[in-house]
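A.B. asks: Mind having a look at this structure? Questions to follow.
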Amino acid sequence: MRYPYEDYKILKCIEEGAFGKVHKARNLKTGHLVAIKIQDCTNDNFMDLYEECKLLESFNHQNIPKVMDKYYWEQKFYICMELCAGGDLTDIYMGTGSLKESQVAFVAKEVLETLLYLHQKGYVHRDIKPNNILLTDAGEVRLVDFGSMSSIQTEKPTFIDGTPAYLAPEYVLEDLNGDYDERCDVWSLGMTLLELAEGRLPLLLTSSYSYCKYWQQKNRVPQLRKRDKWSPAFHSFLEDALTLDPAMRPSVEKLLQHEFLSNVEHEPSPLKRRLRRTKFLRRIRKFFNYGKLGVLPVVCVFDSVSRRKQTEAAAAVRPILKYVVIVVFWCYSGPVPYIGQPN
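Per the numbering used here, the very first residue in the sequence shown carries number 377; after that it's consecutive.
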C-alpha cells in the first residue's frame, strides 16, 4: 500500500474513540475534503481491518459512505472515505433539541432502506444508534460503523457486541446462543427513533449486565412519554419496531410499507435547516466558551493594544454579545432551541 501523506493532508481530528481516530483531510490532487479513519494495526487484527475495508468497498448504496482509498503505514491502517461534515444525530438533538416527527420519519425511512440493502446482501449491522447515523452538509443520512456487523448465513457471534442501550432483548440475554436474526436491527432502530423524538435515552441503565437483568425480569417495552404530542401512525410504527417477540417483529421490508413513512420524501432533507442551526450554535458555544479568543482577532487590528487590554475588552463585550446573538438567532430561524443536555 502507498504512503498516505503523499495523497492527503490531515487537517484536524473530528472524532476519537476506542476504534481509533477520524480526521478531516484534503486530497492534495483534487482538493476534495474527506474523512480518514486511522486505526492501530497489528499482526493480529490486520486481516480483520483489511476485510472490513474490502467489504465497505463492495457496498454500493447512497446511504453508506464511499471508500476512496486505503493505506497501511507504520503499524496503522488508514481508510479514506466520504466526509459527513454534519456530524451525528446525537450532536443534532443535543444541540437543538429533540427531532420533529417529520424529521424522525425521514431518518427512519433512510435507515430502513439502508438496512434492507444490507439484509439482502446477507448482513446484520448490530449497532444501530444515533451516533452511527451521520449527516452530510445537505442533511443526507449516512449509516456508519460496520465493525459489529455479522453475516446472516454464517455462524453468528455469541458474545455481546454493540451498544447495550439499543440492543434487542433476544440479543443481550445472558443465555445468548446466537439465536437472533436481522430483526434485531429493527429493534435498535426503534430505540434510536424513540431517543431522537424524546431527546433522551429510553432506558437509563449502565451496563450490559443491567440490560440482561431488565429483560430477564420481562419489564415493559419503552414508549413515548408524551403520547398526545405524536401521531397514531408514529405510535403504531414504534410498537411494531419494538415488538418484544422477535418472531412477531416485522421485517425491514414490511416496516418500509408502514403508513408512518407514506409521506416521506428524500429531497429536500427536512434535517437541512436543523443542521444549519446546529452548526450555528456550535460556533456560538465555541465563542462563549473561549470568549476572549472570539473577540481578540478584532481587537488585534490595533497593534498598540496590549494583551491585557484585549482580555479586558473581551470580558466587557461578552455579556452584551450574548443578547445580540439571541436576537439574531431568533430572527434567523425562529424560536431559540433548547441548548445543552436534555432533561
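Quick reminder that beta carbons are idealized off the backbone N, C-alpha and C, glycines included.
In this text the structure is predicted, and so the values were computed from the model without any measurement.
1) What is the residue span of the alpha helix (DSSP H) that residue 429 lies within?
2) Between which two residues does the beta strand (DSSP E) containing residue 325 stretch?
3) So which of 526, 527, 490, 498 has the shortest CA-CA distance to residue 509?
4) Touch check for the region 476-489 and the region 415-430: three-plus C-beta pairs under 8 Å?
5) What does residue 464 pair with, by DSSP beta-bridge criteria?
6) Quick one: is residue 677 buried, meaning 16 or more other Cβ sit within 10 Å of its Cβ, or exposed?
7) In the DSSP assignment, find the beta strand (DSSP E) that holds residue 391 and state where it starts and stops.
8) Quick one: grab the DSSP three-state call for residue 483.
9) By how many angstroms is the C-alpha of residue 400 removed from the C-alpha of residue 674?
10) Span of the beta strand (DSSP E) holding residue 396?
11) DSSP beta-bridge partners for residue 458?
12) Which residue wins for smallest C-alpha separation from residue 636, given the options 624, 651, 615, 545?
13) Is it buried or exposed, residue 658, if we count other Cβ atoms within 10 angstroms and call 16 or more buried?
14) Would you tell me roughly how many angstroms separate the C-alpha atoms of residue 452 and residue 394, rounded to the nearest one?
15) By how many angstroms is the C-alpha of residue 513 removed from the C-alpha of residue 544?
16) At the level of alpha carbons, what is the spacing between residue 681 and residue 656?
17) Short of 6 Å in beta carbon distance, which residues of its chain neighbour residue 626, apart from the five on each side in sequence? Order them along the chain.
18) Alpha carbon to alpha carbon, how far is residue 493 from residue 437? Give it in angstroms, no decimals.
19) Comparing C-alpha positions only, which one of 481, 447, 455 sits nearest to residue 565?
20) Buried or exposed: residue 460, going by 16 or more other Cβ atoms within 10 Å of its Cβ?
21) To which residues does DSSP link residue 499 through a beta bridge?
C.D. replies: On the basis of the supplied data:
1) Within the sequence shown, the letter at position 53 stands for residue 429. Taken as a continuous stretch (DSSP letters only), the alpha helix (DSSP H) holding residue 429 covers 422-434.
2) Since the first residue shown for the chain is 377 and the last is 719, residue 325 is missing from the structure and cannot be characterised.
3) On the sequence shown, position 133 is the one that residue 509 refers to. For residue 509, the nearest C-alpha among the options comes from 490.
4) no
5) For the purposes of this step, residue 464 is taken as residue 88 along the sequence shown, with counting starting at 1. Answer is 510.
6) For the purposes of this step, residue 677 is taken as the residue at position 301 of the sequence shown. Reliability fails at residue 677, whose pLDDT of 43 lies under 50, so the model's placement of it is uncertain and the value that follows must be treated cautiously. Under this definition residue 677 is an exposed residue.
7) Along the sequence shown, one-based indexing puts residue 391 at 15. Residues 384-393.
8) Within the sequence shown, the letter at position 107 stands for residue 483. Looking at residue 483 - three-state DSSP - the assignment turns out to be helix.
9) Locating residue 674 in the sequence shown gives position 298, counting from the first residue. Locating residue 400 in the sequence shown gives position 24, counting from the first residue. Because the pLDDT at residue 674 is just 44, under 50, the model does not fix this residue reliably, and the value given afterwards should be weighed accordingly. Each residue's Cα considered, the two are about 28 Å apart.
10) Taking the sequence shown and counting its residues from 1, the one referred to as residue 396 is at position 20. Residues 396-403.
11) Counting from 1 along the sequence shown, the entry for residue 458 is found at position 82. Beta-bridge pairing links residue 458 to 410.
12) Counted from its first residue, the sequence shown places residue 636 at position 260. Closest by alpha carbon: 615.
13) Residue mapping note: residue 658 aligns to position 282 of the sequence shown, counting from 1. Burial call: exposed.
14) Here the question's residue 452 lines up with position 76 in the sequence shown. Here the question's residue 394 lines up with position 18 in the sequence shown. If I take the Cα positions, the gap works out to 14 Å.
15) In the sequence shown, residue 544 corresponds to position 168, counting from 1. In the sequence shown, residue 513 corresponds to position 137, counting from 1. Taking the straight line joining both Cα atoms gives about 31 Å.
16) Indexing the sequence shown from 1 puts residue 681 at position 305. Indexing the sequence shown from 1 puts residue 656 at position 280. Any reading at residue 681 must be qualified, since the residue scores a pLDDT of 49, below 50, and its modelled position is unreliable; the value itself is stated next. Residue 681 and residue 656: Cα-Cα distance of roughly 30 Å.
17) For this step, residue 626 is matched to residue 250 along the sequence shown. So the list reads 616, once near-sequence residues are dropped.
18) Along the sequence shown, one-based indexing puts residue 437 at 61. Along the sequence shown, one-based indexing puts residue 493 at 117. In a straight line, the C-alpha of residue 437 is about 8 Å away from that of residue 493.
19) For this step, residue 565 is matched to residue 189 along the sequence shown. Checked all of 481, 447, 455; the closest Cα to residue 565 is 481.
20) Reading the sequence shown from its first residue, position 84 is the one you call residue 460. Classification of residue 460: buried, given that the 10 Å Cβ count is 16 or more.
21) By 1-based counting over the sequence shown, the position of residue 499 is 123. Partner(s): 527.
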